[in-house]
Amino acid sequence: MVKDPVIEFSGFSFTYIAQKYPTIRDLDLVIHRGEKVLVVGPSGSGKSTLGRCLNGLIPFSYEGELSGDLRVAGTAVKDSSVFELSKTVGTVMQDSDAQFVALSVAEDIAFALENDRVPQEPMKRRVAEVARIVGVDGLLGQSPQELSGGQKQRTSLAGILVDDVDILLFDEPLANLDPRTGKYAIELIDEIHRGRRLDAGTRAGDEVPRTTIIIEHRIEDVLHRPVDRIILLDDGQVVADLPPHEMIASGHLTAHGLREPLYVSALRHAGVEIGAAMRPAYLSTLDIASGRDALLTWYESVPDPPEPSIGEDVLDVRGLDFSYYPGRPVLSDVNLSIRAGEMISVVGTNGAGKSTLAKLICRFEDHDAATIYFRGEDAVDLSITDRASFVGFIMQNPNQMITQTGIYDEIASGLRLRKVPEADVEARVDRVLAVCGLERFKKWPISALSYGQKKRVTIASILVLDPKVIILDEPTAGQDHRHYTEIMRFLKSVNDLGVTVIMITHDMHLMLEYTRRSIVLDGGRIVADTDSSAVLTSPELVEKASLKETSLFHLAGLVGIANPKSLVDRFIRYEEERRR
Amino acid sequence: MKLFNYSYEDTVIHRLSGLTKLLGFMMLTGVVMYTYDIRIFAFILAFSFTILRIAHIPLRSLRLIFIYVGVFLLLNFVLSFLFDPNFGPKTYGSTTVILPIAGRYVLTREQLFYQVSKLFKYASVIPLGIIFLFTTDPSEFASSLNAIFVPYKVTYAVALALRHFPDVQSEYTAISKAQQARGLDISRKTSFWHRFRNAVATMVPLIFSSLDRIEVITNAMHLRGFSKHRSRTWYSRRSLKGRDAAALGICLAIVAGAAGIAVFVNGGRFYNPFV
Chain A
1 MVKDPVIEFS
11 GFSFTYIAQK
21 YPTIRDLDLV
31 IHRGEKVLVV
41 GPSGSGKSTL
51 GRCLNGLIPF
61 SYEGELSGDL
71 RVAGTAVKDS
81 SVFELSKTVG
91 TVMQDSDAQF
101 VALSVAEDIA
111 FALENDRVPQ
121 EPMKRRVAEV
131 ARIVGVDGLL
141 GQSPQELSGG
151 QKQRTSLAGI
161 LVDDVDILLF
171 DEPLANLDPR
181 TGKYAIELID
191 EIHRGRRLDA
201 GTRAGDEVPR
211 TTIIIEHRIE
221 DVLHRPVDRI
231 ILLDDGQVVA
241 DLPPHEMIAS
251 GHLTAHGLRE
261 PLYVSALRHA
271 GVEIGAAMRP
281 AYLSTLDIAS
291 GRDALLTWYE
301 SVPDPPEPSI
311 GEDVLDVRGL
321 DFSYYPGRPV
331 LSDVNLSIRA
341 GEMISVVGTN
351 GAGKSTLAKL
361 ICRFEDHDAA
371 TIYFRGEDAV
381 DLSITDRASF
391 VGFIMQNPNQ
401 MITQTGIYDE
411 IASGLRLRKV
421 PEADVEARVD
431 RVLAVCGLER
441 FKKWPISALS
451 YGQKKRVTIA
461 SILVLDPKVI
471 ILDEPTAGQD
481 HRHYTEIMRF
491 LKSVNDLGVT
501 VIMITHDMHL
511 MLEYTRRSIV
521 LDGGRIVADT
531 DSSAVLTSPE
541 LVEKASLKET
551 SLFHLAGLVG
561 IANPKSLVDR
571 FIRYEEERRR
Chain B
1001 MKLFNYSYED
1011 TVIHRLSGLT
1021 KLLGFMMLTG
1031 VVMYTYDIRI
1041 FAFILAFSFT
1051 ILRIAHIPLR
1061 SLRLIFIYVG
1071 VFLLLNFVLS
1081 FLFDPNFGPK
1091 TYGSTTVILP
1101 IAGRYVLTRE
1111 QLFYQVSKLF
1121 KYASVIPLGI
1131 IFLFTTDPSE
1141 FASSLNAIFV
1151 PYKVTYAVAL
1161 ALRHFPDVQS
1171 EYTAISKAQQ
1181 ARGLDISRKT
1191 SFWHRFRNAV
1201 ATMVPLIFSS
1211 LDRIEVITNA
1221 MHLRGFSKHR
1231 SRTWYSRRSL
1241 KGRDAAALGI
1251 CLAIVAGAAG
1261 IAVFVNGGRF
1271 YNPFV
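These protein sequence lines are chains A and B, in that order.
Per the numbering used here, the first sequence runs over residues 1 to 580.
Per the numbering used here, the second sequence runs over residues 1001 to 1275.
Here it is in structure tokens:
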């Protein structure tokens, strides 16, 4: 195949107008027609900015200083516009919910055609055609908000494909999806990449796949399907540009704060030298022969983790029922007891009732029937404010919780509203600031903080009320490995102080690495309440909770370890000890 | 209860084009605005309640709106009297005292008739608006506004606002609950001023998260060519059909009837039973 460059960066730099230093510096990169490329990098590496340069949002929506050269399909971006580029580069954005502009699936798909003044007749034909290709033809009349995560992805992809673009750009396509839906999304992207072009009929013989660029930091999940190259960005530059096997073997990913596939980490822990020849990028191609013995020896050498010590019951829920409309229960007969000092994941597919459960415990909603005990005391009649003194709820988006402009005032707010004397307020806020590592920000405005620091402030503003339990909704959603680690280590330190931590999550790493116990909800009922490692090695539970098996489960199968759960447990224990 | 609650039902009213409904709404409100005849208001009120039935809009779902409107009308009724108790007599050119209250505050039949007519005037516009909002798909609404020469960027902004209203509403609830958990009291136990300040505190996070949302939506729209041309086509625009002509005909007939009554019977805007 002749290599036909379709995207060429040469000596390209970009500086946002409000910033002093360039986000992309002197970048050289060529992507060829038909390639499927994965662009990875830690937060702030410039990977999203790279995407914005390709689709023209830079400089159309984000002003700044451009230098050097960028050509897309032969045209210099400087001489083009966001509208012209949108005919060549189709962008599927991270938050598919927000990018729906229309009330029905059909209209949303039609949006680009409407803007192009396509008459209604051909427009309807085209929409029907694209809907069939991505498999949403049965959903045309529905509201995009009512779709499942996977259907939403298909719809937003259809909205891009109506233009029959040459280049597809996916900006963190997995960020808002649960693991199972993410897996389907990667399969769909691969299918669209490899063919099924809109004009297949008129372009018979055109076998060149569609150029596809995926910007994502969840590398193992993207590698569920093959890619041609992995490009590692850091600090606005290309650090490495290698075929996948070479990239995984090189160790560059972990060196730049990214997470490599878990089975690769396990092999490294076992002392196996990873080379490109082992074809380590995908489980399906991995040649384990040379590493099998080392892995087995290592597996035997790591002891099983000790049984955790069990504390007193801190939160007890019995016979909880709830429905918004009679006859359509959201939760039915939920029973759970949580012990002091535990750290727990609550998992399940969207709509299984995870968030509702948390809201009911905190009385954000009123249950139909239940008994709730806080440390053995009946809590059913406590008001929302009184329950919050015992169980704190932390929303996913810190911006939804922050009401004050200064950090001190924000954290003090809950105490002041509870009429705590100002002298005590200062002492308690100071203590929490110290716990949360925020002392030096005491007098700062909140606007000066990063996302992760804001998250910390919202947790601090709950901790100051001295709750025994905190519940967090998706604490690590959308965070890269470094920020994930930062948030989770912080939560672990809070947990070490004796606060029980419950997390609603889709993050399998979080489940495995930080919470020994997981509660699985399905259709409003608890279907499992067991070790996280047991959940992630059980195909049945994985299916019910919209998760996927950890790759360690498959690795165990490859080398013949009969008890995959124990491989997972030992792997986690080993990593925990290394972190100490 | 959500305020702008479009949901599709298969009724004649839903099937009418958004343009027809907009024009009909404008014509009938025009009649109500221009004339001052309680008989016409009563007719339009009865007419619009019939349409509500035909459109399968259950009155139960409108309870909240009716309560708001009722409170507003009552307030208006009292204030009208307080501001100008003699407007009725001045308008109708006669004074029939029912009950002198104090000083210039004298209750007259003319004033009572004027104010009751006014009550009917306002009350008859409300169901018309409800029918329009509840049976028109927001995008079709945008396309109908565009059809009467409102720039499409403006109409799309209106449609987007309507569409995101329920999301913003549920986000507000979530934020408000989180603040209540921290101790914010928005119940009736505290003073009005206090509650007002607390409500403002809840708005801050809502505004910031809405701004984020706006940035994402704007980018998504530009990436798909929004605002590229001076005009655009509409997937959901319905071409005008026979039933649209019929509906417009009915509205026109009402307009003509009302105009006839105004010109030939009342000899002006006001219906004056006191001569």
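C-beta atoms are modelled at their ideal positions from N, C-alpha and C, and glycine is treated no differently.
Computed from a predicted structure; not experimentally measured.
| request: Tell me whether Lys1153 of chain B sits in a helix, a strand or coil according to DSSP, three-state version. | output: If you number the second sequence from 1, residue 1153 of chain B lands on position 153. Helix.
| task | Kindly identify the DSSP beta-bridge partner or partners of His32 of chain A. | result | Here residue 32 of chain A refers to the residue found at position 32 of the first sequence. BP columns for His32 of chain A point to A:Pro5.
| query | In three-state DSSP terms, what is Gly319 of chain A? | reply | For the purposes of this step, residue 319 of chain A is identified with residue 319 of the first sequence, where counting begins at 1. It is a strand residue.
| said: By the 7 Å beta-carbon criterion, what residues does the region 97 to 110 of chain A contribute toward chain B? | reply: Ala98, Gln99, Val101, Ala102, Leu103, Ala106, Glu107 and Ala110
| message | Quick check: what's the CA-CA separation for Arg71 of chain A versus Ala1142 of chain B? | response | In the first sequence, counting from the first residue as 1, residue 71 of chain A sits at position 71. In the second sequence, counting from the first residue as 1, residue 1142 of chain B sits at position 142. Each residue's alpha carbon lies about 38 Å from the other.
| request: Check whether the region 283 to 290 of chain A touches the region 309 to 317 of chain A, counting contact only when three or more Cβ pairs, one atom from each stretch, lie closer than 8 Å. | output: no
| field | C-alpha distance - Lys1228 of chain B paired with Asp116 of chain A, whole-angstrom precision | value | Position 228 of the second sequence, counting from 1, holds the residue named residue 1228 of chain B. Position 116 of the first sequence, counting from 1, holds the residue named residue 116 of chain A. Whole-angstrom Cα-Cα distance: 8 Å.
| request: Step through the CB atoms of chain A and report whether any lies within less than 8 Å of the CB of Gly1129 of chain B. | output: Here residue 1129 of chain B is taken as the residue at index 129 of the second sequence, counted from 1. Output row for Gly1129 of chain B: interface = no.
| What are the start and end residues of each continuous alpha helix (DSSP H) run of 4 or more residues lying completely inside the region 163 to 224 of chain A, in chain order? | 179 to 194 and 219 to 222
| said: Going by C-alpha to C-alpha distance, which of A:Arg579, A:His224, A:Gly41 and A:Val501 sits closest to Asp602 of chain A? | reply: Look at the range of chain A in this structure, 1 to 580, and you will see that residue 602 of chain A is not part of it.
| Three-state secondary structure (DSSP) at Arg1104 of chain B? | Position 104 of the second sequence, counted from the start, is the residue given in the question as residue 1104 of chain B. Three-state result, Arg1104 of chain B: coil.
| Taking the C-alpha atoms as reference points, what is the distance between Met1243 of chain B and Phe1120 of chain B? | Taking the first residue of the second sequence as position 1, residue 1243 of chain B is located at position 243. Taking the first residue of the second sequence as position 1, residue 1120 of chain B is located at position 120. Correcting the residue type first, residue 1243 of chain B is Arg in the shown sequence and not Met. Their Cα atoms are separated by approximately 29 Å.
| task | Show which residues of chain B have a CB atom less than 8 Å away from the CB atom of Glu63 of chain A. | result | Translated into the one-based positions of the first sequence, residue 63 of chain A becomes position 63. In chain order: nothing, as chain B lies at least about 14 Å away.
| query | Going by the beta-carbon positions, is the gap between Ile1067 of chain B and Thr1011 of chain B smaller than 8 Å? | reply | As a working mapping, residue 1067 of chain B is identified with position 67 in the second sequence. As a working mapping, residue 1011 of chain B is identified with position 11 in the second sequence. Going by C-beta atoms, Ile1067 of chain B is not nearer than 8 Å to Thr1011 of chain B.
| Test item: CB-CB of Thr1108 of chain B and Ile1098 of chain B under 8 Å | Position 108 of the second sequence, counted from the first residue, corresponds to residue 1108 of chain B. Position 98 of the second sequence, counted from the first residue, corresponds to residue 1098 of chain B. Yes, Cβ-Cβ distance for Thr1108 of chain B and Ile1098 of chain B is below 8 Å.
| task | Verify whether the separation of the beta carbon atoms of Ile1277 of chain B and Val101 of chain A is less than 8 Å. | result | Absent from the model: residue 1277 of chain B. The displayed extent of chain B is 1001 to 1275, so no value can be given.
| message | Buried or exposed for Arg203 of chain A, going by 16 or more other Cβ atoms inside 10 Å? | response | Walking along the first sequence from the start, residue 203 of chain A turns up at place 203. Confidence is the limiting factor: at Arg203 of chain A the pLDDT is only 44, short of 50, which leaves the residue's position unreliable, though a coordinate-based value still follows. Exposed, because fewer than 16 other Cβ atoms sit within 10 Å of the Cβ of Arg203 of chain A.
| query | To which residues does DSSP link Asp234 of chain A through a beta bridge? | reply | Your numbering for residue 234 of chain A matches position 234 in the first sequence. A:Gln237.
| Interface flag, Thr202 of chain A vs chain B, CB-CB below 8 Å | Within the first sequence, numbered from 1, the residue matching residue 202 of chain A stands at position 202. Reliability fails at Thr202 of chain A, whose pLDDT of 42 lies under 50, so the model's placement of it is uncertain and no value is given.
| task | Measure from the C-beta of Gln453 of chain A to each C-beta in chain B and report whether the shortest distance is under 8 Å. | result | Looking up residue 453 of chain A in the first sequence gives position 453. So no, Gln453 of chain A is outside the interface.
| Best match in A:Leu541, A:Glu246, A:Ser290 and A:Ala340 for proximity to Gly311 of chain A [C-alpha to C-alpha] | To locate residue 311 of chain A, count along the first sequence from 1; it is residue 311. Closest option to Gly311 of chain A, Cα to Cα, is A:Ala340.
| said: Residues in the same chain with beta-carbon distance under 7 Å from Gly1024 of chain B, minus the five sequence neighbours each way, listed in chain order, please. | reply: The residue labelled residue 1024 of chain B in the question sits at position 24 within the second sequence. Here the set comprises Ala1247, Leu1248 and Cys1251.
| query | Val542 of chain A bridges to which residues according to DSSP? | reply | For the purposes of this step, residue 542 of chain A is taken as residue 542 along the first sequence, with counting starting at 1. Answer is none; Val542 of chain A lacks a bridge partner.
| request: Please go through the same chain and pick out, in chain order, the residues whose beta-carbon is closer than 6 Å to the beta-carbon of Ile372 of chain A, but skip the five residues on each side of it. | output: Position 372 of the first sequence, counted from the start, is the residue given in the question as residue 372 of chain A. So the list reads Val317, Ala379 and Val380, once near-sequence residues are dropped.
| task | Tell me, please, which residues DSSP counts as bridged to Asp522 of chain A. | result | One-based indexing of the first sequence puts residue 522 of chain A at position 522. DSSP, once it has assigned bridges, lists A:Arg525 as partnering Asp522 of chain A.
| query | So what does DSSP say about Glu474 of chain A, is it helix, strand or coil? | reply | Residue 474 of chain A sits at position 474 when you count from the first residue of the first sequence. In this structure, Glu474 of chain A counts as coil in the three-state DSSP scheme.
| task | Kindly give me the distance between the Cβ atoms of Ile487 of chain A and Pro475 of chain A, rounded to whole angstroms, as I take these residues to be in contact under 8 Å. | result | Here residue 487 of chain A corresponds to residue number 487 of the first sequence, with the count starting at 1. Here residue 475 of chain A corresponds to residue number 475 of the first sequence, with the count starting at 1. That belief holds up - the Cβ atoms of Ile487 of chain A and Pro475 of chain A are roughly 6 Å apart, short of 8 Å.
| task | List the whole-angstrom C-beta distance separating Met343 of chain A from Tyr514 of chain A, where the pair is believed to meet the contact cut-off of C-beta under 8 Å. | result | Here the question's residue 343 of chain A lines up with position 343 in the first sequence. Here the question's residue 514 of chain A lines up with position 514 in the first sequence. 6 Å between Cβ atoms; contact.
| said: Against chain B, with Cβ distances strictly below 8 Å, would Phe390 of chain A count as a contact? | reply: For the purposes of this step, residue 390 of chain A is taken as the residue at position 390 of the first sequence. No, because no Cβ of chain B sits closer than 8 Å to the Cβ of Phe390 of chain A.
| Which bits of chain A does Ser950 of chain B rub up against, with CB to CB less than 7 Å? | Nothing can be reported for residue 950 of chain B, as the shown portion of chain B is limited to 1001 through 1275.
| Considering Glu65 of chain A, what are the terminal residues of the alpha helix (DSSP H) in which it resides? | As a working mapping, residue 65 of chain A is identified with position 65 in the first sequence. No alpha helix (DSSP H) contains Glu65 of chain A, which is instead part of the beta strand (DSSP E) from Gly64 to Val72.
| task | Confirm the yes/no value for this check: CB of Ser450 of chain A, any heavy atom of the ligand NAP, distance under 7 Å. | result | For the structure depicted, the ligand NAP is absent and the ligand set is empty, with no information on it obtainable.
| said: Please list, in chain order, the residues of the region 1169 to 1185 of chain B that have any C-beta partner in chain A closer than 8 Å. | reply: Glu1171, Ala1174, Ile1175, Lys1177, Ala1178, Gln1179, Gln1180, Ala1181, Arg1182, Gly1183, Leu1184 and Asp1185
| message | On the DSSP letters alone, give me the boundaries of the alpha helix (DSSP H) that Asn1219 of chain B sits inside. | response | One-based indexing of the second sequence puts residue 1219 of chain B at position 219. Element bounds for Asn1219 of chain B: Phe1192 to Leu1223.
| What's the C-alpha gap between Glu422 of chain A and Gln453 of chain A? | Position 422 of the first sequence holds residue 422 of chain A. Position 453 of the first sequence holds residue 453 of chain A. Going from the Cα of Glu422 of chain A to the Cα of Gln453 of chain A covers about 25 Å.
| Quick one: is Leu157 of chain A buried, meaning 16 or more other Cβ sit within 10 Å of its Cβ, or exposed? | In the first sequence, residue 157 of chain A corresponds to position 157, counting from 1. When all chains shown are included, Leu157 of chain A counts as buried.
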